[in-house]
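Engineer: Starting off with a structure, shown below.
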């Protein structure tokens, strides 16, 4: 994992990415954080014919959602506030090839007092858009407030 460290102190962002990558679920599926900084995360997943196949023989949609959710978790928590996903909506556009690697890029587009909104694109290694997701995180009470309401990415 390579984590670009900007925004929060380097140890906070790196620890967040490492904690997320070392969770039992991330380990089970093979999810990894490639890059993370304040309001941004890039995660990847190498699709396996043993782990990520659906009953039609293609890539299971849950694998695509999982890599997007992994990026959301790191992105949402990169602001120095504890965040949990409360809503998401994903549009599946294309089915990736099993054996390939997909990447999910999450960007926080709004950070409010209690909630944040992220946009996530999942692409294959050629840059082809596979899925698009909008997600909402809730900031748990007692979390530190950092620049609430600021538009982070255009």
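Numbering (full-length UniProt numbering), first residue to last: 1 to 154. All C-beta atoms, glycine included, are put in the ideal place defined by N, C-alpha and C.
Between 119, 73, 74 and 76, which lies nearest to residue 90 when the distance is taken from Cα to Cα?
Structural biologist: For the purposes of this step, residue 90 is identified with residue 90 of the chain shown, where counting begins at 1. It is 119.
Engineer: At a cut of 8 Å, does the segment 81 to 89 reach the segment 15 to 22 through at least three beta carbon pairs?
Structural biologist: Taking 8 Å as the limit for Cβ pairs, the verdict is that the segment 15 to 22 does not touch the segment 81 to 89.
Engineer: Taking only the alpha-carbon atoms, compute the straight-line gap between residue 70 and residue 96 and give it to the nearest angstrom.
Structural biologist: Against the chain shown, residue 70 aligns to sequence position 70. Against the chain shown, residue 96 aligns to sequence position 96. Spanning the two alpha carbons is a distance of roughly 18 Å.
Engineer: Compare the beta carbon distance of residue 53 and residue 104 with 8 Å and say whether it is the shorter of the two.
Structural biologist: Locating residue 53 in the chain shown gives position 53, where the first residue counts as 1. Locating residue 104 in the chain shown gives position 104, where the first residue counts as 1. Not closer than 8 Å, so no.
Engineer: Return the bridge partner residues of residue 56 from the DSSP annotation.
Structural biologist: Along the chain shown, one-based indexing puts residue 56 at 56. None; residue 56 has no bridge partner.
Engineer: Where does residue 76 sit, in a helix, a strand or coil, going by DSSP?
Structural biologist: Walking along the chain shown from the start, residue 76 turns up at place 76. In this structure, residue 76 counts as helix in the three-state DSSP scheme.
Engineer: Return the first residue and the last residue of the beta strand (DSSP E) that residue 31 is part of.
Structural biologist: One-based indexing of the chain shown puts residue 31 at position 31. Premise fails: residue 31 is in no beta strand (DSSP E) and is neither H nor E.
Engineer: Please state if the CB of residue 83 and the CB of residue 57 are separated by a distance shorter than 8 Å.
Structural biologist: As a first step, residue 57 is located in the chain shown; it is residue number 57 there, counting from the start. As a first step, residue 83 is located in the chain shown; it is residue number 83 there, counting from the start. It is not a contact, given that the beta carbons lie outside the stated cut-off.
Engineer: Would DSSP call residue 88 helix, strand or coil?
Structural biologist: What you label residue 88 is simply residue 88 of the chain shown in a count that begins at 1. Strand.
Engineer: I'd like the list of long-range same chain contacts for residue 44, defined as Cβ closer than 6 Å, with 5 residues on each side in sequence excluded.
Structural biologist: Numbered from 1 along the chain shown, position 44 holds the residue referred to as residue 44. Hits under 6 Å: 32, 34, 101 and 103.
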